[in-house]
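Undergrad:
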Amino acid sequence: MALNERELHYKSQIKEHQADKEKSLLEIQALQSELTQLQEEKTITENELNQAINTLKQDLEKLQNELSERGKFLLFFCSFIKLPIFILERKEKMILRERESQYEQEIDEYQKNLEISIIQNQNIKSELENLQQEKESNENTLNDIINSLKKDFEKQIQILKTQNIESQEHRSYFFFFLFLTYFFPY
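All you need for this note's numbering is the position in the sequence shown, starting with 1, plus 164.
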């Protein structure tokens, strides 16, 4: 009876450890899928940032061309009405600097966001590596515990078998002694 109770106890412990192991595996799979999703989002964000930067560069070139053409028109107009050219050039340069400054700020902002995304991705990768190491450690510990429980269980079975054999030997000696004393008194 004690053997069955111990066997049930060991089996329940093994089932608990296997359930914990499966739970850890499911958590790691969830983290891996989340990492994959974050990597995809990062790639999309990087592509969008690159597209935005390219668009901003193209817009800047267009504005520079427009300003250049406007400047030519203004020069013609100034020469026609005899306004000082240097005033128009200053205004043109000032407008150009303001727009360039605005676009450079936007490009810097996009690059900072890209760097933040890269850092977040690296942090997630390192966290995933830590979780994988922890999973491996937990699996090794769980396997060690299971093996230890199996060995203990086998030892207990051997001990109980030995005790059972000894008990049977004692009973046979006892019955033999009773037999002798009953049939051959003194």
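Even for Gly, the Cβ is constructed at its ideal location relative to N, Cα and C. All of these numbers come straight from a predicted model, not from anything done at the bench.
1) Please determine, among T209, I259, T207, Q203, the residue with the shortest C-alpha to C-alpha distance to N229.
2) Assuming I271 contacts I217 (C-beta within less than 8 Å), just tell me the rounded distance between them.
3) From this set, K315, S331, K257, D184, which residue's C-alpha is nearest E171's C-alpha?
4) Tell me, please, whether the segment 321–337 touches the segment 195–212 by the rule of three or more beta-carbon pairs shorter than 8 Å.
5) With distances taken between CB atoms, is the gap from I192 to L306 smaller than 8 Å?
6) When the Cα atoms are used, what is the spatial distance from L189 to E303?
7) Quick one: Cα of Q196 to Cα of E262, how far?
TA: From the atom records:
1) I259
2) 6 Å
3) K315
4) no
5) no
6) 9 Å
7) 46 Å
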